[in-house]
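K.L.:
Chain order of the listed sequences is A and B. No gaps in the numbering here: position 96 of the first sequence is 1495 in our numbering, and each next residue is one more. No gaps in the numbering here: position 37 of the second sequence is 151 in our numbering, and each next residue is one more. Glycine is no exception: its CB is placed at the ideal position from the N, C-alpha and C atoms.
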Amino acid sequence: MISNSTGAEHPTFKRELLATLPNLRAFAISLCGRHDVADDLVQDTILKAWAKQESFEPGTNMKAWLFTILRNQFFSQMRKSGRELQDTDGAFTSRLSVHPAQVGQLDLEDCKSALAKLPEDQREAILLVGASGFSYEEAAEVCGCAIGTIKSRASRARNRLQELMSVEDYHEFGPDSSSAAVVTKAIAS
Amino acid sequence: MQGHTGNQDQDKSAVTDAVSMKLRRYYATVMEEAIPDRFLDLLEQLDAADNEQRGKGVPKGAADDK
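The following block contains the structure:
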């Protein structure tokens, strides 16, 4: 790949941006729970990123850079509006390209509504490290906070999701926790 | 709840794994949605506007960027 010293011509910039879009958009949708709001966020992010592309250093983490722009936009809009974006869009599964029956429509709805109940900072943390593929270090950078903060937010988010979601895998172990432990132990050893 | 035994911790981690898996599956499904055309159009427009503004003709390789 040819690297341009001027920074003005970045065929790779657009390509990398395009490659990151599905993940970035999934993050936006999961973060605000609404497709329309998420898509506005993504559009703003693209415009901002394009305008600031001179400040992006080729070879560095484009994904983290774009996620940072998007989440800053999200939180500044929330501050401005002074309230949470509570409504989530209906008919979510009708938008999915994968047939819901294959993945379990209930599972998806379950996960979506559980996410919506988390405080924004915890939702952001668990999405970044648990779904979008960031390390704790990268997530801390994206959010502009300490690694320890991300870790504790993600951990609280996990505990809360666990309470909110019905986890069939757990029930498969049966109600007897000691026998479940034996099974777990047997599998682990 | 205090007084965790090792067994309970193992239960807990099994549940946590299930939660993580559900979250990843949910996210992957959202990621598989098609990117709306408006974003692809927007990028094309931005790219075209940049090329025009530079006034140095179309940079080589731009034709490859669909």
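1. Which residue from Asp155(B), Ile149(B), Ser134(B), Met135(B) puts its Cα closest to that of asparagine 1422(A)?
2. Any contact of the region 157-172 of chain B with the region 1462-1481 of chain A, i.e. 3+ C-beta pairs under 8 Å?
3. Among Asp1506(A), Phe1473(A), Leu1527(A), whose alpha-carbon lies nearest the alpha-carbon of threonine 143(B)?
4. Using 10 angstroms around the beta-carbon of aspartate 151(B), count the other beta-carbons present and answer buried if the total reaches 16, otherwise exposed.
5. Give the single residue among Ala1556(A), Ala1538(A), Lys1550(A) whose Cα lies nearest to the Cα of serine 1521(A).
6. Mapping the DSSP letters down to three states, classify glycine 1547(A) as helix, strand or coil.
7. Checking 8 Å against the spacing of the C-beta atoms, do cysteine 1431(A) and leucine 1420(A) come in under that value?
8. Can you name, in chain order, every residue of its own chain whose Cβ lies under 7 Å from the Cβ of glycine 1529(A), other than the five neighbours on each side?
9. Strictly below 7 Å CB to CB, what residues from chain B border proline 1421(A)?
10. Hey, could you find the ends of the alpha helix (DSSP H) serine 1429(A) is sitting in?
11. Once you ignore the five residues that flank isoleucine 1525(A) on each side, which residues in its own chain have a CB closer than 6 Å to its CB?
12. Tell me which same chain residues have a C-beta within less than 8 Å of the C-beta of leucine 1446(A), skipping the five on either side of it?
13. For glycine 1503(A), which option in Tyr140(B), Ser134(B), Ala132(B), Thr130(B) has the closest C-alpha, if you only look at C-alpha atoms?
14. Assuming contact is defined by CB atoms lying nearer than 8 Å, are methionine 1477(A) and alanine 1513(A) in contact in what I supplied?
15. Can you list, in chain order, the residues of its chain whose CB lies under 8 Å from that of serine 134(B), leaving out five sequence neighbours each side?
P.N.:
According to the data block:
1. Counting from 1 along the first sequence, the entry for residue 1422(A) is found at position 23. Per the Cα distances, Ile149(B).
2. Verdict: no, contact absent.
3. Here residue 143(B) corresponds to residue number 29 of the second sequence, with the count starting at 1. Looking at the Cα atoms, Asp1506(A) is the closest of the given residues.
4. As a working mapping, residue 151(B) is identified with position 37 in the second sequence. Label assigned to aspartate 151(B): exposed.
5. Locating residue 1521(A) in the first sequence gives position 122, counting from the first residue. Before going on, a small fix: residue 1521(A) reads as glutamine here, not serine. Of Ala1556(A), Ala1538(A), Lys1550(A), the residue nearest in Cα terms is Ala1556(A).
6. Position 148 of the first sequence holds residue 1547(A). If DSSP states are grouped into helix, strand and coil, glycine 1547(A) belongs with the helices.
7. Along the first sequence, one-based indexing puts residue 1431(A) at 32. Along the first sequence, one-based indexing puts residue 1420(A) at 21. Result no, Cβ atoms of cysteine 1431(A) and leucine 1420(A) do not sit closer than 8 Å.
8. As a working mapping, residue 1529(A) is identified with position 130 in the first sequence. Closer than 7 Å at the Cβ level, and outside the excluded window around glycine 1529(A), lie Ala1553.
9. Here residue 1421(A) is taken as the residue at index 22 of the first sequence, counted from 1. Near proline 1421(A) (Cβ distances below 7 Å), the residues of chain B are Met145, Ile149.
10. Against the first sequence, residue 1429(A) aligns to sequence position 30. For serine 1429(A), the enclosing alpha helix (DSSP H) stretches over residues 1410-1431.
11. Locating residue 1525(A) in the first sequence gives position 126, where the first residue counts as 1. Answer for isoleucine 1525(A): Ala1553, Ala1556, listed in chain order.
12. Mapped onto the first sequence, residue 1446(A) falls at position 47. Excluding positions up to five away in sequence, the list is empty.
13. In the first sequence, residue 1503(A) corresponds to position 104, counting from 1. Of Tyr140(B), Ser134(B), Ala132(B), Thr130(B), the residue nearest in Cα terms is Tyr140(B).
14. The residue given as residue 1477(A) occupies position 78 in the first sequence. The residue given as residue 1513(A) occupies position 114 in the first sequence. In this structure, alanine 1513(A) does not lie closer than 8 Å to methionine 1477(A) by Cβ.
15. The sequence position of residue 134(B) within the second sequence is 20, counting from 1. Closer than 8 Å at Cβ, skipping near neighbours: no residue.
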